[in-house]
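If you read the sequence shown in our numbering, its first letter stands for residue 457, the second for the next number, and so on. For every residue, glycine included, the Cβ atom is placed at its ideal position computed from N, Cα and C. Here the structure is a predicted model, which means the values were calculated and not measured.
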Amino acid sequence: MAVLVAATAAIIFAITRVENWGVLCMLVLALALIGTRKDAKAISWGRFMPLGLVVLFLFFLIYNYANPMWHRVVAYQTSSLHHIFNWNETFNAIPFNDASLFRIWQPEWLTRYFQWVYNYGFALSYWICVIRAFFTKDVQKFGRYSLAGYLLQVPLILPFYNIILLQEVWFVQGTPDLLERALTPEQQFSTAMNCFPSMHTSIAFAGLLLSLREKSAWYRWWIGTYCVSIIVSTMYLKIHWVIDVFAGMAFAYGCVKLADWIVGSRAYGAFAARFESWGGRLQDRFVAKRAAKAQPIDIRLDD
């Protein structure tokens, strides 16, 4: 068990290093784990943790290599794709679609807060849910959070991005980038792509929807506040249009329902049963070996 605990700590630490999460990110994650016992499944850690660690490690690998892959996707879009629809002018012409109401009050501290939320929220909101699901020892939660939050969203959202050209508000309106990214004109064009639907919104809203099912009132309040901050930041910082945000919410709702269907299927139920059964066998085998080693040796001396 000490080895498994050390491995868990190592994987979670590796997750935090992919995008160099600072103290505030770690604090948000730590506070989200309060009250986990209220939603935990009544099985032993020995039964869940061996295979749970394998799955968590696989998710880490996906996360670790997703960013370079995404940059290759954007490079392909920029060089090879000719979008069927260009919605820049249309969205800019819709009154209040640029979310100007969210920028009536713009103190410096609030801008810095939303910059931090936006920069880290895309991954952190997803990992809060997945890591907490790991600590609940619940295979269904593990699958539902990972599917609805990322594994379904990336492949399902790409067709929208490949067909529709819609760029960030600040880029279309020719105003400064409120995220203060040091981008060349070429980088500005490619970075500002892929707005419809808002994936920052969809991942955060999926986490919000699933958090409402948890028993811990603290978790519902904490993750709800954080996820709403992410959604607001996309509009405050002139990244996404209002319609993008509503589209992101609708997309997230669809992904959550699809994840519910997958996790509720007979096939996933059989997988969850095998998952716990294999973990139980590993635990029993390990306990049996320890018991065998602990037995005293009976030494008899012949006269």
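According to DSSP, residues forming a beta bridge with residue i
| i | result |
| --- | --- |
| Ile620 | Phe541 |
Per-residue DSSP class, three states only, for residue i
| i | result |
| --- | --- |
| Arg756 | Residue placement at Arg756 is poorly supported in this model, since its pLDDT is 48, which falls under 50; the coordinates are not used for a value here. |
| Trp561 | coil |
| Thr592 | coil |
| Phe469 | helix |
| Arg722 | helix |
| Thr464 | helix |
| Asn476 | coil |
| His656 | helix |
| Trp697 | coil |
| Phe661 | helix |
| Ser672 | coil |
| Asn553 | coil |
| Ile490 | coil |
Proximity winner among the options, relative to residue i (alpha-carbon distances)
| i | options | result |
| --- | --- | --- |
| Gly478 | Ala589, Glu624, Cys711 and Asn575 | Asn575 |
| Tyr494 | Ile659, Pro641 and Arg676 | For the record, residue 494 in the displayed sequence is Lys; it is not Tyr. Closest option to Lys494, Cα to Cα, is Arg676. |
| Phe439 | Gly710, Cys683 and Ile587 | Beyond the ends of the chain as shown, which are 457 and 759, falls residue 439; an answer cannot be given. |
| Tyr709 | Ala522, Gln629 and Ile659 | Ile659 |
| Tyr606 | Thr657, Glu670, Leu668 and Leu639 | Thr657 |
| Leu509 | His539, Lys497, Tyr532 and Thr464 | Thr464 |
| Ile584 | Trp678, Asp633, His539 and Arg528 | Trp678 |
| Ser721 | Trp697, Leu665 and Gln596 | Gln596 |
| Leu634 | Gln562, Leu622, Ile468 and Ile613 | Gln562 |
| Ala555 | Trp734, Ala726, Thr492 and Ile699 | Ile699 |
| Phe731 | Arg503, Gly577, Val459 and Gly491 | Arg503 |
| Gly680 | Tyr582, Thr592 and Met525 | Tyr582 |
| Trp565 | Tyr692, Leu537, Ala522 and Gln609 | Tyr692 |
Pair within 7 Å by beta-carbon distance, residue i and residue j
| i | j | result |
| --- | --- | --- |
| Ala579 | Glu670 | no |
| Ala589 | Phe598 | yes |
| Asp594 | Lys497 | yes |
| Cys711 | Ala673 | no |
| Thr492 | Thr592 | yes |
Three or more C-beta pairs below 8 Å linking the segment 618–630 and the segment 510–524: Between the segment 618–630 and the segment 510–524 there are fewer than three inter-stretch CB-CB distances shorter than 8 Å, so the stretches are not counted as touching.
Touch check for the segment 560–580 and the segment 699–707: three-plus C-beta pairs under 8 Å? Judged by pairs of C-beta atoms under 8 Å, the segment 560–580 does not touch the segment 699–707, as fewer than three such pairs exist.
Between the segment 624–637 and the segment 537–557, do three or more beta carbon pairs fall short of 8 Å? The segment 624–637 is in contact with the segment 537–557.
How do the segment 714–721 and the segment 640–657 stand: do at least 3 beta-carbon pairs fall below 8 Å, yes or no? Touching, no, given that fewer than three Cβ pairs across the two stretches are closer than 8 Å.
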